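Written out below as structure tokens is the structure these notes cover.
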Amino acid sequence: MTIKIGDRLPEGTLSEFVETETEGCSLGPNTFQVADLAKGKKIAIFGLPGAYTPTCSAQHVPGYVKLADELKAKGVDEIWCISVNDAFVMGAWGRDQKATGIVRMMADGNAAYSKVLGLDADFSKFGMGTRSQRYSLLVDDGVVKQLNVEQGGAFEVSNAETLLKQVA
4 MTIKIGDRLP EGTLSEFVET ETEGCSLGPN TFQVADLAKG KKIAIFGLPG AYTPTCSAQH
64 VPGYVKLADE LKAKGVDEIW CISVNDAFVM GAWGRDQKAT GIVRMMADGN AAYSKVLGLD
124 ADFSKFGMGT RSQRYSLLVD DGVVKQLNVE QGGAFEVSNA ETLLKQVA
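First residue of the sequence shown? That's 4 in the numbering used here, and the numbers climb one at a time after it.
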């Protein structure tokens, strides 16, 4: 079943490549509980099929990087990009996209979290296996307030501009 507005984010983990070691976070891949990260925060989350893919690299991530200050001015604490790639790839892609420190590049390597959200997709015909659908969520203290899921190969409702208009 697909997550819907009013639902609490499901339990699960995501990984992130940490660039700078801090207390509690070592350099390199770190795994985090989604519920712990979302507690008490307003988070703009967008999911996409894969790092370095055309629409994801040319439009989806750059849009959130570009509008990050405006999202934060409206009360968004963090912006997450979730993709079915490993933390090393997500970290490298984040550096390539100049997203470091702006968008948290969260790895869902086995699509486990995408499946729990009900937002996984079969990209086997493209040689990519199970991936994530393209979507955006606005989450407040772990509760979904907005949900925008793209149909087919579209890129019309999960972009940063749409989510920015939806932030209360």
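Just so you know, even glycine gets a beta-carbon here, dropped at the ideal spot from N, CA and C.
No experiment lies behind these values; they were computed from the predicted model shown.
Can you give the beta carbon distance from residue i to residue j, rounded, assuming they're within the 8 Å contact cut?
i, j, result
"G50", "L166", "That belief does not hold up - the Cβ atoms of G50 and L166 are roughly 12 Å apart, past 8 Å."
"Y116", "L17", "6 Å"
"A38", "G145", "6 Å"
"Y67", "I46", "About 12 Å separates the two Cβ atoms, so there is no contact after all."
"V170", "G43", "Between G43 and V170 the Cβ distance is about 17 Å, and since that is not below 8 Å, they are no contact."
"L40", "V142", "With 8 Å as the limit, L40 and V142 do not qualify as a contact, their Cβ atoms being about 10 Å apart."
If you follow the alpha helix (DSSP H) that residue i is in, where does it begin and where does it stop?
i, result
"V64", "64-69"
"K118", "115-120"
If you follow the beta strand (DSSP E) that residue i is part of, which residue opens it and which one closes it?
i, result
"F158", "F158 -> no beta strand (DSSP E), and no H or E assigned at all."
"K45", "45-51"
Between residue i and the rest of its own chain, which residues show a CB-CB distance below 8 Å, the 5 nearest in sequence each way excluded?
i, result
"K118", "T133"
"P52", "C59, S86, V87, A124, F126, M131, R134, S135, Q136, R137"
"E73", "L167"
"R107", "E19, E81, I82, W83, C84"
Quick one: what does DSSP say residue i is sitting in, helix, strand or coil?
i, result
"V37", "helix"
"E19", "strand"
"Q154", "coil"
"E164", "helix"
"G112", "coil"
"G31", "strand"
"E26", "coil"
"Q169", "helix"
"T58", "helix"
"K101", "coil"
"G3", "Summary: the structure shown does not reach residue 3, with the chain confined to residues 4 through 171, and so no result is reported for it."
"K7", "coil"
Could you pull the DSSP bridge partners for residue i from this structure?
i, result
"N88", "Answer by DSSP bridge pairing: none, since N88 is not bridged."
"S135", "D123"
"P13", "DSSP lists no partner for P13."
"D143", "K45, V146"
"W83", "I48, R107"
To which residues of the same chain is residue i closer than 6 Å at the C-beta, ignoring the five residues directly before and after it?
i, result
"I8", "V147, L150"
"A114", "V87, D123, T133"
Looking only at its own chain, which residues have a Cβ that is under 7 Å from the Cβ of residue i, when we skip the five neighbours before and after it?
i, result
"T58", "F158"
"N33", "S18, E19, V21"
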